[in-house]
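Engineer: Residue numbers (our numbering), protein chains in the order written: chain A, 0 to 246; chain B, 232 to 738.
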């Protein structure tokens, strides 16, 4: 008993007091910024491993970006990654970073039904489905519930059964072999329900986008309520994205 | 590089050789040579695969000899005209069962005498496109007394998918069979399709996100060997440090998860918090908590330096203080021991039969560790002595993690006390021209066990075939076997004590 009390005392306070204002130090790669000015745009397009960089006008699509940072290492005068970890939004247009853009990424509040905030604002239970995920986004989702990040303090929890859930959160690029199970899990959630994509692989297929082993057709049928970019997303990206959506 | 009686080629870890230097034997001679090689207790098969070669298939097997620190490579070839039927080696060498199943699934080769030639992962490029994921031929026992429990593919919790089928007698499990493949993304095919070095590196990092360093290191070693890129001592050592940090982080996370599964809240929370310190250190080094971005071919964007060295020593000492205090308590609690002791025992014999690797082998008394037997990266300069336990139960796997964390910390400190790190590390290369018509095998010891990447190049140095093997390929069988005659309620702690990879198996 006394041993336990000593351990608890020595452990001290380890939780992050406020995940909304918490800062992740560099060299963490969060929201990128593009400086105006001439550069070899074609070279940048060619080096991006996931085709996230496009020209006319020059832009980076965070739905595709795998946050490897190659563009910033090779063209530091053009692209840099800030440590802003708030990347999630419900509007895919807002995931596209253009030249000179330094504004933060947030949800478009006009797109969120009032019912969502009313019903899930203080209690959100999600069922996570891994559909080809590499276990990194899953790792960070689990971390989001640990004693440091403690997303349970906002009433956000991951539950075992889709029947108990208010929505599905998908990780991974959605493989053919998992597509049917994902659909069944989604159908089992009672309405109103959320559908959330977590991690670059889920958002666009990421590095697997051109694989014939994927079947992303479910995305044609189900509207997406939140896109959480990252490879994998930092727990603070996940928590702040969910909070922006529901509270 | 030498050949023994012209039956097989002997090479070392991360060697590249001309494809035509690998002896091609008639199948009967091939099987005889493989059987002879695998009779010795210090050998095991690290990879066996087939790839299209002109109008037929070429099969290459790689057998590691841990005492001689050698890799024996031999092959056989089958023409399309000769039919696609071969006598299975599995009845005599059960450890090969998965490799033969994989070759059967991908190329339609029929291994006669194989006891369970079932689909492996329902790969996109499988020979039998009609094979249906939802109609996997599970074993069944027709009996009035027995019942089956089906779990998955979606499991309770934030976890990857797989289908588990238990045949139970009351509460006791008679047999467990695991069907995987849900995570199949077609990694090996994509490796050929992607032409950029960086694209391939990102792909290697995504084979299993919790082993990003282990797999990307195995990949980088293949590319550097085939392209003849020399590596500095400093880079080799940095990579080994990153690999050991990955091991410490995942091991401590698994210790926490095992505590969670037995409702030991103090252990679950504080061991979990300890992991945060380590992965945040990794992030302060390379920008990513899982070490993505750390390993690049030929160099690094994140050179280790004296500041990072000081911070690492600080991070390790604050980690160690709490880790030692808590593990002194947690590992001696009767309620913890009682729950883990004698549960899910895998015998040494079983481990040898299925060709178990890594942690699972080392908990049954088999000293199988690539860091020692086929040293790579920094382990060439600073030898690593593996931790070996003998009981093979859940408690052994719980304990091995604690001991490996201590050993890894000691290894890192030893390295840091002898090395100085100047910032002049090489930058990554962006283009590499690979040696034509060659074969390369690269092994690393990730936290789960040995990772093996093999590559075959074509006449113009193009990548013709790429083979990835995660340690989970061997070790899932260990979970199935060790669950026999246990209560089904012991499945969660048993499963967690292995913490095997679904995506690493499914590719």
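Using N, Cα and C, we set each Cβ at its ideal position, and we do this for glycine too. Please read these numbers as outputs of a predicted model, since none were measured by experiment.
Run through DSSP, which three-state label would residue 330/B get?
Structural biologist: Residue 330/B: helix per DSSP, three-state reduction.
Engineer: Could one say the Cβ of residue 70/A lies closer than 8 Å to chain B's Cβ atoms, at least one of them?
Structural biologist: Not closer than 8 Å to any Cβ of chain B, the Cβ of residue 70/A fails to qualify, so no.
Engineer: When the distance is taken between beta carbons, is residue 158/A closer than 8 Å to residue 124/A?
Structural biologist: Contact flag set, yes.
Engineer: What residue ranges within the segment 70-125 of chain A form continuous alpha helix (DSSP H) runs of no fewer than 4 residues, ordered along the chain?
Structural biologist: List check, alpha helix (DSSP H) in window: 113-119.
Engineer: In terms of DSSP beta bridges, what is residue 283/B paired with?
Structural biologist: 288/B.
Engineer: With distances taken Cα to Cα, identify the nearest neighbour of residue 138/A among 10/A, 16/A, 69/A and 230/A.
Structural biologist: Per the Cα distances, 230/A.
Engineer: My assumption, with CB atoms under 8 Å, is that residue 29/A sits in contact with residue 94/A. Please give the rounded CB distance.
Structural biologist: Contact doesn't hold; Cβ gap of about 13 Å is too wide.
Engineer: Between the Cα of residue 472/B and the Cα atoms of 536/B, 590/B, 421/B and 260/B, which residue gives the shortest distance?
Structural biologist: Comparing Cα positions, the closest option is 536/B.
Engineer: Unbroken alpha helix (DSSP H) runs of length 4 or more, entirely within the segment 566-629 of chain B: which are they?
Structural biologist: Here the runs fully enclosed are 579-585, 589-593 and 601-604.
Engineer: Could you check whether the Cβ of residue 553/B sits closer than 8 Å to any Cβ belonging to chain A?
Structural biologist: True, the Cβ-Cβ gap to chain A drops below 8 Å.
Engineer: Between the segment 395-426 of chain B and chain A, which residues of the former have a C-beta closer than 9 Å to a C-beta of the latter?
Structural biologist: Cβ contacts with chain A come from 412, 413, 414, 415, 416, 417, 418, 420, 421, 424 and 425.
Engineer: Assign residue 353/B to buried or exposed, taking buried as 16 or more other Cβ atoms, counted over all protein chains shown, within 10 Å of its Cβ.
Structural biologist: When all chains shown are included, residue 353/B counts as buried.
Engineer: Cβ atoms of residue 119/A and residue 245/A: under 8 Å apart, would you say?
Structural biologist: Their beta carbons are under 8 Å apart, which means residue 245/A touches residue 119/A by this criterion.
Engineer: Please classify residue 76/A: is it buried, with 16 or more other beta-carbons within 10 angstroms of its beta-carbon, or exposed?
Structural biologist: The residue in question, residue 76/A, is exposed, as its Cβ has fewer than 16 Cβ neighbours within 10 Å.
Engineer: What is the DSSP secondary structure of residue 14/A, reduced to helix, strand or coil?
Structural biologist: Coil.
Engineer: Among 269/B, 729/B, 659/B and 437/B, whose alpha-carbon lies nearest the alpha-carbon of residue 737/B?
Structural biologist: Closest option to residue 737/B, Cα to Cα, is 437/B.
Engineer: Taking 8 Å as the CB-CB limit, is residue 210/A close to chain B?
Structural biologist: Output row for residue 210/A: interface = yes.
Engineer: For a contact meaning CB atoms closer than 8 Å, what does residue 355/B contact in chain A?
Structural biologist: Simply 175, 210, 211 and 212.
Engineer: Which chain A residues sit within Cβ distance under 9 Å of residue 490/B?
Structural biologist: Per Cβ cutoff of 9 Å: no residues; residue 490/B is ~12 Å from chain A at best.
Engineer: Going by C-alpha to C-alpha distance, which of 705/B, 258/B, 268/B and 716/B sits closest to residue 731/B?
Structural biologist: Among 705/B, 258/B, 268/B and 716/B, the Cα nearest to that of residue 731/B is on 705/B.
Engineer: Within 8 Å of any Cβ in chain A, is that where the Cβ of residue 232/B sits?
Structural biologist: Residue confidence for residue 232/B is low, a pLDDT of 49 falling below 50, so the modelled location carries little weight and cannot support an answer.
Engineer: Ends of the alpha helix (DSSP H) at residue 755/B?
Structural biologist: Examination of residue 755/B is not possible in this model, given that chain B is present from 232 through 738 alone.
Engineer: Kindly identify the DSSP beta-bridge partner or partners of residue 52/A.
Structural biologist: 59/A, per the DSSP bridge assignment.
Engineer: Whole angstroms are fine: how far does the CA of residue 585/B sit from the CA of residue 322/B?
Structural biologist: When rounded, the distance between both Cα atoms is 12 Å.
Engineer: Give me the Cβ distance between residue 747/B and residue 509/B, rounded to the nearest whole Å; I'm assuming they're in contact under 8 Å.
Structural biologist: Residue 747/B cannot be examined here, being either before or after the span of chain B that is shown, 232 to 738.
Engineer: Any beta carbon of chain A sitting closer than 8 Å to that of residue 507/B?
Structural biologist: Residue 507/B counts as touching chain A.
Engineer: Could you name the residues of the segment 308-330 of chain B whose beta carbon sits closer than 8 Å to any beta carbon of chain A, in the order they occur along the chain?
Structural biologist: Listed by position, the residues of the segment 308-330 of chain B near chain A (Cβ gap below 8 Å) amount to none.
Engineer: Does the beta carbon of residue 127/A sit closer than 8 Å to a beta carbon anywhere in chain B?
Structural biologist: True, the Cβ-Cβ gap to chain B drops below 8 Å.
Engineer: Which residues bound the alpha helix (DSSP H) around residue 135/A?
Structural biologist: Run containing residue 135/A: 135-143, per the alpha helix (DSSP H) assignment.
Engineer: Please report the straight-line C-alpha distance between residue 496/B and residue 650/B, rounded to a whole angstrom.
Structural biologist: Approximately 40 Å, taken between the alpha carbons.
Engineer: Counting only beta-carbon atoms, is residue 293/B nearer than 8 Å to chain A?
Structural biologist: Closer than 8 Å: no.
Engineer: Give the straight-line distance between the Cα atoms of residue 32/A and residue 57/A, rounded to the nearest whole angstrom.
Structural biologist: If I take the Cα positions, the gap works out to 11 Å.
Engineer: Counting contacts by CB-CB distance shorter than 8 Å, is residue 512/B in contact with chain A?
Structural biologist: Chain A, which has no Cβ nearer than 8 Å to the Cβ of residue 512/B, makes this no.
Engineer: Which same chain residues end up closer than 6 Å to residue 232/B when comparing Cβ atoms and leaving out the 5 residues on each side of it in sequence?
Structural biologist: Per-residue confidence for residue 232/B stands at a pLDDT of 49, beneath the threshold of 50, marking its modelled position as unreliable; no derived number is given.
Engineer: Since residue 175/B sits in a beta bridge, which residues does DSSP pair it with?
Structural biologist: No answer is possible for residue 175/B: it lies beyond the span of chain B, which begins at 232 and ends at 738.
Engineer: If we define contact as Cβ-Cβ less than 8 Å, is residue 28/A a contact residue for chain B?
Structural biologist: It does: the Cβ of residue 28/A has a partner Cβ on chain B nearer than 8 Å.
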